[in-house]
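Novice:
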Amino acid sequence: MKLKLHWQVLIAMGAGVVFALTLGEKALFVAPLGTIFLRLLKMIIVPLIIFSITSGVAGLGDSRTLGRMGAKTFGYYFLTSLLAILVGLTLSNLIQPGAGLHLNEQSAAFDPGTLAKPKSMFEILIRMIPTNPVQAMADGDMLGIIFWSIVFGFGITRLQGRPQQFLNQFFQYGFTAMMTITRGIIAFLPIGVFGLITKAVATAGSELFKAVGMYIITIAVGLSIHFLVILPVVFWLFTRLNPLDHARAMLPAFLTAFSTSSSGATLPVTMDCVENRAGVSNKVSSFVLPLGATINMDGTALYECAGVLFIAQALGVHLGFLQQVTIVLTAFLASVGTAAVPSAGLVMIFVVLDAVGLGNNPGAALIVGTMLAVDRPLDMFRTMVNVTSDSIGAVVVAKSEGEEHLYSAI
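If you read the sequence shown in the numbering used here, its first letter stands for residue 111, the second for the next number, and so on.
1) Under the three-state reduction of DSSP, which class applies to Thr267: helix, strand or coil?
2) Where Pro243 and Ile255 are concerned, what is the direct C-alpha to C-alpha distance, given to the nearest angstrom?
3) Find the nearest neighbour of Leu401 within the set Gly180, Ser202, Leu158 and Gly302, judged by alpha-carbon distance.
4) Which term fits Ile295, buried or exposed, when burial requires 16 or more other beta carbons within 10 angstroms of its beta carbon?
5) With a threshold of 8 angstroms, are at least 3 pairs of Cβ atoms found where one atom belongs to the segment 412-419 and the other to the segment 385-404?
6) Roughly how many angstroms separate the alpha carbons of Val427 and Gln118, rounded to a whole number?
7) So, helix, strand or coil for Leu299, using DSSP?
8) If I follow the unbroken alpha helix (DSSP H) through Pro353, where does it start and stop?
9) Give me, in chain order, the residues of the same chain whose beta-carbon lies closer than 7 angstroms to that of Thr349; leave out the 5 immediate sequence neighbours on both sides.
10) Please return the same chain residues whose Cβ sits closer than 8 angstroms to the Cβ of Phe364, not counting the five positions on each side in sequence.
11) With distances taken from CA atoms, which of Ile236, Asn352, Ile163 and Ile291 is nearest Val261?
12) Using a threshold of 8 angstroms, state whether the C-beta atoms of Ile307 and Thr145 are closer than that.
13) Would you mind stating whether Lys304 and Val128 have Cβ atoms separated by less than 8 angstroms?
14) Could you say if the segment 281-299 and the segment 182-201 meet the contact criterion of at least three C-beta pairs nearer than 8 angstroms?
15) Would Gly409 pass as a contact of Phe491 if the rule is Cβ separation under 8 angstroms?
16) How would you write the range of the alpha helix (DSSP H) that Asp251 sits in, first residue to last?
17) Is Leu338 buried or exposed, if buried means 16 or more other CB atoms sit within 10 Å of its CB?
18) Would you grab the beta carbon distance between Val197 and Gly332 for me? Rounded to a whole angstrom, and I think it's under 8 angstroms.
19) Determine the DSSP secondary structure at Ala125, reduced to helix, strand or coil.
20) For Ala168, which of helix, strand or coil comes out of DSSP?
21) Where does Glu135 fall in DSSP's three states?
22) What is the rounded straight-line gap between the Cα of Glu513 and the Cα of Leu361?
23) Determine the closest residue to Met152 out of Phe460, Gly503, Ala367 and Ser372, with distance taken between C-alpha atoms.
24) Take Phe264 and list the residues in its own chain whose beta-carbon comes closer than 6 angstroms to its own, dropping the five residues that flank it on each side.
25) Pull up the distance between the alpha-carbon of Asn278 and that of Leu158, whole angstroms please.
26) Whose C-beta lies closer than 6 angstroms to the C-beta of Ala422 among residues of the same chain, with five residues either side of it excluded?
27) Can you tell which of Phe257, Pro378, Ala312 and Ala474 has the C-alpha that lies nearest to the C-alpha of Glu135?
28) If you follow the alpha helix (DSSP H) that Gly417 is part of, which residue opens it and which one closes it?
29) Three-state secondary structure (DSSP) at Pro487?
30) Less than 8 angstroms between the beta carbons of Gly250 and Val156, yes or no?
31) What is the rounded straight-line gap between the Cα of Gly467 and the Cα of Ile437?
32) Return the residue from the list Leu192, Ile327 and Gly124 that minimises the CA-CA distance to Ser202.
33) Please return the same chain residues whose Cβ sits closer than 8 angstroms to the Cβ of Ile266, not counting the five positions on each side in sequence.
34) Indicate whether Thr183 and Gly503 have their beta-carbon atoms separated by less than 8 angstroms.
35) Buried or exposed for Asp382, going by 16 or more other Cβ atoms inside 10 Å?
36) On a CA-only basis, which of Leu299, Ser191 and Gln206 is nearest Gly323? Give me that one, please.
Structure, rendered in structure tokens:
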């Protein structure tokens, strides 16, 4: 019987540690396996963002349908994602999980002058607007790519007839293809982890894993706060309903999300629970939930924000207020572009790294490799948080639309 992916990753991690400790620097001949895997991840970033965001926005249909329900849905998604990012930002600054870590030659090779240094909030907004979208794609300008994809997706909703249908199908099929490629690359995760962990242990020693332990605690505490405190409070403030009723109604979806690590794969279960157990109408659930599975990723947004701050701290790089604002903004936009498949958030961590000038740093790649090895349980928790936020959004919108008899089936 084939082992589940998370067991394969754990075995690969253990094998990499033993291999590196046994052979020392001689074990570095397998390091290219990790490098190849990281390059494969980076390879799919730009097309994944373009197809994911454009198809998600274009899939809303006629722009007139965005109206009242669209404004409520997007407002809720923006609020909860921003709250999740702020939790990650606050905990990372308080706990400082990467502080004190020294990456030998990788840290010494880093030039702080390469960091992106926006002078004002307006400069951040200006940087989002590409003068040449094709050039932005070629240069890997993630903020520009994300902005253009959102604008182009909205433009598709303004079309009529066959042109709209053609472009909708094109980007949806493209997104499906990118999800297939992403799954294929993640299937090689154990091999990549073996190479990355071997290099990490052989070059940085146990100090790196101690810091990663603090990183795991930071992410887990942040996700717990968002899952157990912030989302229930938001739910109660907008609906005046008991959050425990929602938890009972959504339990099958929560367990499915935790086990599959994919909000997309969980979507049929989520819709069934929201409609048949929470009592939300199909009109609301069919609009809010598929959109949420595409663009509402609270757990992923928290992870990306805290992860980049952890990497910066581990490299000894100080990020000022405006650079942390850049992280907040990019983490939100990157979470919108994250595919609803297992570990897709791993791909998007490079988007946020690029936004503050750390994307090509060898020390950053080394730390990301170690983060990959311990990501599976965090990814399972992140996905459950994502699905929780989606389902609460459906109930919030349904309540605001005057729907009654919610949770009468439980």
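Note that CB positions come from ideal geometry on N, CA and C, so glycine has one too.
Specialist: Reading it off the structure:
1) helix
2) 7 angstroms
3) Gly180
4) buried
5) no
6) 34 angstroms
7) helix
8) Pro353 to Thr370
9) Val505, Val506 and Lys509
10) Ala357, Met494, Val497 and Thr498
11) Ile163
12) no
13) Note that residue 304 is Phe in the sequence shown, not Lys. No, Cβ-Cβ distance for Phe304 and Val128 is not below 8 angstroms.
14) no
15) yes
16) Per DSSP, Asp251 belongs to no alpha helix (DSSP H) and is neither H nor E.
17) exposed
18) 5 angstroms
19) helix
20) helix
21) helix
22) 22 angstroms
23) It should be noted that the sequence gives Lys, not Met, for residue 152. Per the Cα distances, Phe460.
24) Val167
25) 16 angstroms
26) Leu429
27) Ala312
28) Asp408 to Ala424
29) helix
30) yes
31) 11 angstroms
32) Ile327
33) Thr164, Val167, Ala168, Gln274, Leu277, Asn278 and Phe281
34) yes
35) exposed
36) Gln206
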